[in-house]
Every structure is written in structure tokens, then in C-alpha cells.
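If you're matching them up, the sequences are chains B and X in order.
In short: position in the first sequence from 1, add 75, done, that's the numbering used here.
In short: position in the second sequence from 1, add 12, done, that's the numbering used here.
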Amino acid sequence: MSATPAPSGAREAVRVEGLSKVFPDGVRALDGVSLAVEEGEFLAVLGLSGSGKSTLLRCINRLIDPTEGRVWIFGREITAAQGRELRAIRAAIGMIFQQFNLVRRHSVLQNVLSGALGRSGLLSSLLLHFSDEERRRARACLERVGLEGREESRADALSGGQQQRVAVARALMQQARLVLADEPVASLDPALRHSVMRHIEALNREEGMTVLCSLHDLDLVQRYATRVVALKEGQLVFEGRPEAFDGDTFRRIYGHDAEPAAALAGGRA
Amino acid sequence: MTDAGAPRRVLRPETPWQKGWRRLQALGIDGLLLALALVMGEFLFHAFSGERGPTGLLLTPEEILGRLAYLPALALGFAGALVWNLFYRSIGAPIGRVLTRGVPEEEADLPWTRTLRGWFGALFVELTFFTGWIITEVQLVTFLTNFNKASDMVRGLASPSGEVLREGLVLLVQTVFLAFMATAFAIPVAFALSFAAARNLTRGSATARILYSVVRAVMNFTRAVEPLVWALIFISWVGIGPFAGVLALWIHSVASLAKLYSEQIESIDRGPVEAITATGASYLQVLRYGVVPQVVPPFLSFTIYRWDINVRMSTIIGFVGGGGIGYILKPRVDLGEWGEVGTLVLLIAVAVWVMDLVSARIRERIV
Ligand SMILES: Nc1ncnc2c1ncn2[C@@H]1O[C@H](COP(=O)(O)OP(=O)(O)OP(=O)(O)O)[C@@H](O)[C@H]1O
Ligand SMILES: [Mg+2]
Numbered sequence: 076m077s078a079t080p081a082p083s084g085a086r087e088a089v090r091v092e093g094l095s096k097v098f099p100d101g102v103r104a105l106d107g108v109s110l111a112v113e114e115g116e117f118l119a120v121l122g123l124s125g126s127g128k129s130t131l132l133r134c135i136n137r138l139i140d141p142t143e144g145r146v147w148i149f150g151r152e153i154t155a156a157q158g159r160e161l162r163a164i165r166a167a168i169g170m171i172f173q174q175f176n177l178v179r180r181h182s183v184l185q186n187v188l189s190g191a192l193g194r195s196g197l198l199s200s201l202l203l204h205f206s207d208e209e210r211r212r213a214r215a216c217l218e219r220v221g222l223e224g225r226e227e228s229r230a231d232a233l234s235g236g237q238q239q240r241v242a243v244a245r246a247l248m249q250q251a252r253l254v255l256a257d258e259p260v261a262s263l264d265p266a267l268r269h270s271v272m273r274h275i276e277a278l279n280r281e282e283g284m285t286v287l288c289s290l291h292d293l294d295l296v297q298r299y300a301t302r303v304v305a306l307k308e309g310q311l312v313f314e315g316r317p318e319a320f321d322g323d324t325f326r327r328i329y330g331h332d333a334e335p336a337a338a339l340a341g342g343r344a
Numbered sequence: 013m014t015d016a017g018a019p020r021r022v023l024r025p026e027t028p029w030q031k032g033w034r035r036l037q038a039l040g041i042d043g044l045l046l047a048l049a050l051v052m053g054e055f056l057f058h059a060f061s062g063e064r065g066p067t068g069l070l071l072t073p074e075e076i077l078g079r080l081a082y083l084p085a086l087a088l089g090f091a092g093a094l095v096w097n098l099f100y101r102s103i104g105a106p107i108g109r110v111l112t113r114g115v116p117e118e119e120a121d122l123p124w125t126r127t128l129r130g131w132f133g134a135l136f137v138e139l140t141f142f143t144g145w146i147i148t149e150v151q152l153v154t155f156l157t158n159f160n161k162a163s164d165m166v167r168g169l170a171s172p173s174g175e176v177l178r179e180g181l182v183l184l185v186q187t188v189f190l191a192f193m194a195t196a197f198a199i200p201v202a203f204a205l206s207f208a209a210a211r212n213l214t215r216g217s218a219t220a221r222i223l224y225s226v227v228r229a230v231m232n233f234t235r236a237v238e239p240l241v242w243a244l245i246f247i248s249w250v251g252i253g254p255f256a257g258v259l260a261l262w263i264h265s266v267a268s269l270a271k272l273y274s275e276q277i278e279s280i281d282r283g284p285v286e287a288i289t290a291t292g293a294s295y296l297q298v299l300r301y302g303v304v305p306q307v308v309p310p311f312l313s314f315t316i317y318r319w320d321i322n323v324r325m326s327t328i329i330g331f332v333g334g335g336g337i338g339y340i341l342k343p344r345v346d347l348g349e350w351g352e353v354g355t356l357v358l359l360i361a362v363a364v365w366v367m368d369l370v371s372a373r374i375r376e377r378i379v
């Protein structure tokens, strides 16, 4: 099974064509979404709750299999990949979740090390063993997110903001070229949001990782994103620069009853 | 009728096939219930009629069971069920219909005393109780008045003899180790099986789904067979002795633990599994990092509890020759050496009590 090359653009990080997802219960979560993301972009994905943001991000690394449509990652078609090839493409995609999704009973260091699973030997990784080189790298990643000294703590002993920074370090460890972040700060204290967002921004600016990040907060979108797309009932309804996505655009897209400040919690209209 | 705010339940229209199948189910349930009620009625009639058998003695319950008119009762029951299901609008819905199609609207708020099926249900429970009373030959009077016959046994139990103490202690140690080995051998097998028996890990492919069904079926069968029966099987396989007991408890423990383990796996948090999958990890790595850390503490807790259960069961296993303290208990019960029985029973009680205490403490710590 060889992946077809992407139709165009060698510098394209993600290309999505005609993506649809119908869940077994009949819910159409995505409806013909097409989208291209250039390497180095920080793309914010907006949309009301239930509009399909999480489904879109999960279809991009095939945590969910789309019903229709194709997805290319750096020119390789992930929707046609199987087994080893699928895992190799996934290894280049880091993911950050709203609920952090760390392995709670493992140490912080082990959690960061799990970012290297895609390139580790099977037997040694099943014994939780990683080379000294990888361990050094994991410590460096933790230092980058300001968690040095916490290597041996259990992951669930950390605060929410710290756990999310461990997740960022895991993406760093993974040496991902693309990062999918699904509402990375939605379950954090508003005061801590920037501390996590800044680290995700650093992945984008300093490591050159392309970032796709779903957000609820218009404020954060305008502060961090280089481009915005918006979903409504599974369809792409807006695409443009963050400056263009103001309160009026918001109301035009979501209907006049919607209030950006209320719907996008903490957002500034 | 419905509240404006209440969520509306979406009903899919029934196909004629489904409708017919449900009617058949209702008829089957009602037919069987009516037939059973008739048979039990006939049984009670015979039991109280003072009828005598060919030997001139009163009929025993077994003899009565042997001469009941089962087929006519079945025919009559189904005929009754048919009538009841046809005319349920005027006389009230039968139980089978209610179970398969729900309570009809006009009966929705009636207490059971105002419905025919309520009365039928009450009658059915009554019949079952009295039939059971006679079949199991309950003799309340004997139970309450004949206590003195058992009193020397109780006296023996209360004044344990020291003679078997040594032998009993030695075999008690054997019992605890027997239970331990059975549990230890069961852990790796149950652990491996539990992943195949977890629904959420076996949706991927057709092979995985078949594996799931096969493992589940074998496990259910294994668990349904009593450890005592397994002991008899293994005694004829490896001979009388503790090893047969280990094997009997082992196979039962595998099935029980695999079921408990797999239920635990089914209730894990999907989050870490997704996160590990997303790093490009392979299936085994996802199990190791996403699943195993979440299930180890409850697994440990179940396992210790299982050891505790196995200590209790190994006493009974010993009765049939599976080793352990039960082995010397059985002949003393048969010979009526109640003092020695008392010693052994006390030893077992203490061991079970200590195991119980220790395992509860450890489990508290883990979870
Ligand atoms: N596993 C699933 N099975 C069935 N329906 C699902 C499943 N996952 C999501 N959906 C449905 O698909 C639609 C889109 O869900 P999705 O989670 O992608 O939305 P979202 O934009 O991420 O919303 P939120 O902001 O609440 O996270 C919703 O209607 C949701 O109920
Ligand atoms: Mg979501």
C-alpha cells in the first residue's frame, strides 16, 4: 500500500480533502471539510461545542477513521497508510489534549519518554527501558517547559498547568513536526492559560513545528494564531487571518443571538 | 401526556418481523408461566390428597414429580396464554406482553392488586414456595425439637481435642500454600486472557471479535463448573494430593480473575490510550503504557481477594482428596470424632479470619 503524493505544495504540512465523519449512531460530525496548512503556521480551529473540532483533529492523525475524504501529512497520505507506515506518520505528529491524558501512575520523566515510543525497540520499551541518550533528551525537554527537578514525581501529583506542560514536553520529545492541540487550556485556570500557550507557541516559533490548535477563547486566538478556521455543524464556514475574526464576523457566522464574549469564554469581542 | 421539557424518546418503527418475533416471545413467556403454575397446582393437589402409591405408603415428592401431566399442562398453558394475549385489552395484559412490549397505557398507573397479572404473579410465587417446601422436605418441627441429637457434636466442637492440633497445623500450612500456588499460577494466564476478553480492546478486527467471543465462552463455562468438580477431574488426572487441589483452584481462579480483570480493562480512561497511540506507538506499546498502568492496582486487589477465597475453597477441595486440611477433616466427620473436628474447624476459622483481615488491609492500601 503506497501513499499517493499530495496534489500540490511541497511545503504543505497538512492537506485535508473532502473530509466527512458519520458516527455509527448517525451523527454527521464532519461534512466535507477541505483545508491546507503550510509548514510553520499556527492555525486556530474555532467553533461552538459540538461543531466537530475534536473530530477534525482526531481524523488528522487517524485516532478516528474518517468516513470519507483524504488527509496528507507532509505529503504522505495518512488515510491510505496502515500498520508500520501509519505509525511512522503518527510519530511525526504530537498531540496535546484538553484532559492532558498523561499516564497518571508513571513518573513525569516516563511520560516524557513515552514520546519516543515510535522510534524505540519493542522489547526494551515494554520493559520501560530507554537509552541514556533518550533519558538525557527527556530531561532537556522538561527543562524547556520549566519542570526540571520534577522528573521523578508521579504525573498525577502535578497541577493541571504543570501536567499540560509535561504533555508539551512529550511532543518535544517526540520531535514532532506537527502538533495537534485540542483545547489545550480549556480545563485550566484562566491565569495559567498563557503559561501553557506560550510553550505551545515556542514549539511553533523555536522548533518550527506546525500547530493546529482548537480554542474557545477569541483572546487567545488573536494573541497566538497566524490563521483561523471556523467550523459550524461540521462544515468549514470561515478561513482567514485572526484580525479578520472579530465580534462581527463571529455573529455573522454563528447567528445574531450568539455573543462572542459569552460563547467563547473569556473572549474579547 | 409528556412534559414539554422531557427528552423525547425516538422510537424506530417496528418491522413486521420484529413485531411477530416479540409476539412470539410474549406467548412463550406466558405459556411457560401458565404451564408451570398448572404443574405446581397439580403437584400440590397430589401432595395434599393423601394418595397412596402401589406400596400402600404415601407418595414421596419424587414419585409425585414422576407422574405429573406435563404435556397436557404445557398445551393448556399455551392455549391459556394465547387467549390471554388475544383478549388482553379487556382482562389486562399478561406478564410476557408487559416484558416484551411494556405496560399498556390504560394499566400504567394501576397498583398490582388491581391487575390480573399482579394476582397471577402473587399466586405463582405462592405456588413456588409451597411446592419448594414439599420437594425439599422441610421439617420445621424436627428442626426445632430434635436439637439434643446434635448436642454432643456441638459439645465436641466447643471442647476441641489437642490430639490433631499438630497434624492440623501442618495441613493448614499446606492449605494456605495450596491456595497461594493456585493464585500465583492463575495470574499470568488470567492477565493474558483478560486483554482478549475486554470488549474495548477487541473491536478492531474480525479476528479480535472472534477471539473475544471464544475466550468469553470458555471462561464462562470454566467458571460455571464448581471447583469441587474440577478437583475430581484433576484427581483422576494427577492423582490424590495437594497438586490436584492446586490445579482445581487454579483453573477456577483463571476464569474468575480473567473476568474481573477484563471488566477493569473495559472501564479504563481512554485518554492515555489515545495519547500513547498518537505518539506512533505499536499495539503492544499502547497496552503497556496506556492500559497496564491503569489496571495494575485493581488487579492486585482482586488477586489478593482471590487468594483469600481460595483458602476457603481449599478446605472443601480437601474433602474429596485435593490436599489441605479438608483431607483429614472428612474422615473425622464420618466417624463422629467431634472433638477433633472442633479443633480442625477452629483452625480453619482462624486462618480464614486472618487471611480476611490481611487481605482487606492490603487492598485498602492499594486502591
Ligand atoms: N464517538 C462518538 N460517537 C458518536 N458521536 C460523536 C462521537 N464523538 C463525537 N460525536 C458527535 O460529533 C459531533 C462533533 O463532536 P466534537 O467532539 O468533534 O465537537 P467539538 O467541536 O470538539 O465540541 P467541544 O467543543 O464540545 O469539544 C457532536 O455532535 C458529538 O456529539
Ligand atoms: Mg472537543
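Just so you know, even glycine gets a beta-carbon here, dropped at the ideal spot from N, CA and C.
Does the beta carbon of residue i come closer than 7 Å to any beta carbon on chain B?
| i | result |
| --- | --- |
| arginine 300 of chain X | yes |
| glycine 216 of chain X | no |
| glycine 330 of chain X | no |
| proline 284 of chain X | yes |
| proline 305 of chain X | yes |
| arginine 375 of chain X | no |
| isoleucine 378 of chain X | no |
| valine 22 of chain X | Unreliable placement is indicated for valine 22 of chain X, whose pLDDT of 42 sits below 50; the coordinate value is still reported in the next sentence. Judged by the 7 Å Cβ criterion, valine 22 of chain X is not in contact with chain B. |
Pick out whichever of the options has its Cα sitting closest to the Cα of residue i.
| i | options | result |
| --- | --- | --- |
| alanine 191 of chain X | X:Val353, X:Ile329, X:Gln37 and X:Arg35 | X:Ile329 |
| glutamine 306 of chain X | X:Glu278, X:Ser294, X:Ile321 and X:Val323 | X:Glu278 |
| leucine 244 of chain X | X:Ala256, X:Glu26 and X:Asp346 | X:Ala256 |
| tryptophan 10 of chain X | X:Val285, X:Glu238 and X:Ile280 | Outside the modelled stretch of chain X, which goes from 13 to 379, sits residue 10 of chain X, for which no answer is possible. |
| glutamate 208 of chain B | B:Asn136, B:Val89, B:Lys96 and B:Met248 | B:Met248 |
| glycine 221 of chain B | B:Ala242, B:Arg179, B:Asp231 and B:Leu202 | B:Ala242 |
| valine 312 of chain B | B:Gly127, B:Gly115 and B:Ser199 | B:Gly127 |
| glutamate 118 of chain X | X:Ile103, X:Gln276, X:Gly108 and X:Ile378 | X:Ile103 |
| proline 141 of chain B | B:Phe320, B:Ala277 and B:Ser95 | B:Ser95 |
| leucine 263 of chain B | B:Arg273, B:Ile275 and B:Gly235 | B:Gly235 |
| valine 185 of chain X | X:Ile76, X:Gly335 and X:Ala372 | X:Gly335 |
Using a beta-carbon distance below 7 Å, is residue i in contact with chain X?
| i | result |
| --- | --- |
| glycine 193 of chain B | yes |
| valine 183 of chain B | no |
| valine 146 of chain B | no |
| serine 200 of chain B | yes |
| arginine 162 of chain B | yes |
| arginine 240 of chain B | no |
| glutamine 174 of chain B | yes |
| glutamine 157 of chain B | no |
| glycine 196 of chain B | no |
| leucine 222 of chain B | no |
| alanine 166 of chain B | yes |
| serine 189 of chain B | yes |
| asparagine 186 of chain B | no |
| arginine 180 of chain B | yes |
| methionine 272 of chain B | no |
| asparagine 136 of chain B | yes |
| valine 97 of chain B | no |
| glutamine 237 of chain B | no |
Per DSSP, residue i forms a beta bridge with which residues?
| i | result |
| --- | --- |
| threonine 285 of chain B | B:Leu253 |
| lysine 307 of chain B | B:Gln310 |
| leucine 70 of chain X | X:Arg64 |
| glutamate 113 of chain B | B:Glu87 |
| lysine 96 of chain B | B:Leu105 |
| glycine 122 of chain B | B:Leu306 |
| glycine 315 of chain B | B:Val303 |
| arginine 229 of chain B | B:Ser182 |
Where the region 286-300 of chain X meets chain B: residues whose CB sits under 7 Å from a CB there
Residues passing the 7 Å Cβ filter: Glu286, Ala287, Ile288, Thr289, Ala290, Thr291, Gly292, Ala293, Ser294, Leu296, Gln297 and Arg300.
Interface residues of the region 282-313 of chain B facing chain X [CB-CB below 8 Å]:
Residues: none.
Fully enclosed by the region 266-299 of chain X, which alpha helix (DSSP H) runs are 4 residues long or longer?
Contiguous alpha helix (DSSP H) elements confined to the region 266-299 of chain X occur at 282-290 and 295-298, taking only those with 4 or more residues.
Contiguous alpha helix (DSSP H) assignments of at least 4 residues, all confined to the region 125-196 of chain X
If we require 4 residues or more, the alpha helix (DSSP H) runs fully inside the region 125-196 of chain X come out as 128-147, 152-157 and 159-170.
Complete beta strand (DSSP E) runs within the region 127-184 of chain B (minimum length 3 residues, chain order):
Positions of the beta strand (DSSP E) runs, each at least 3 residues long and wholly inside the region 127-184 of chain B, are given as 143-148 and 168-171 in order along the chain.
Closer than 7 Å, Cβ to Cβ, to anything on chain X: give me those residues from the region 99-124 of chain B, in chain order.
Answer in chain order: no residues at all.
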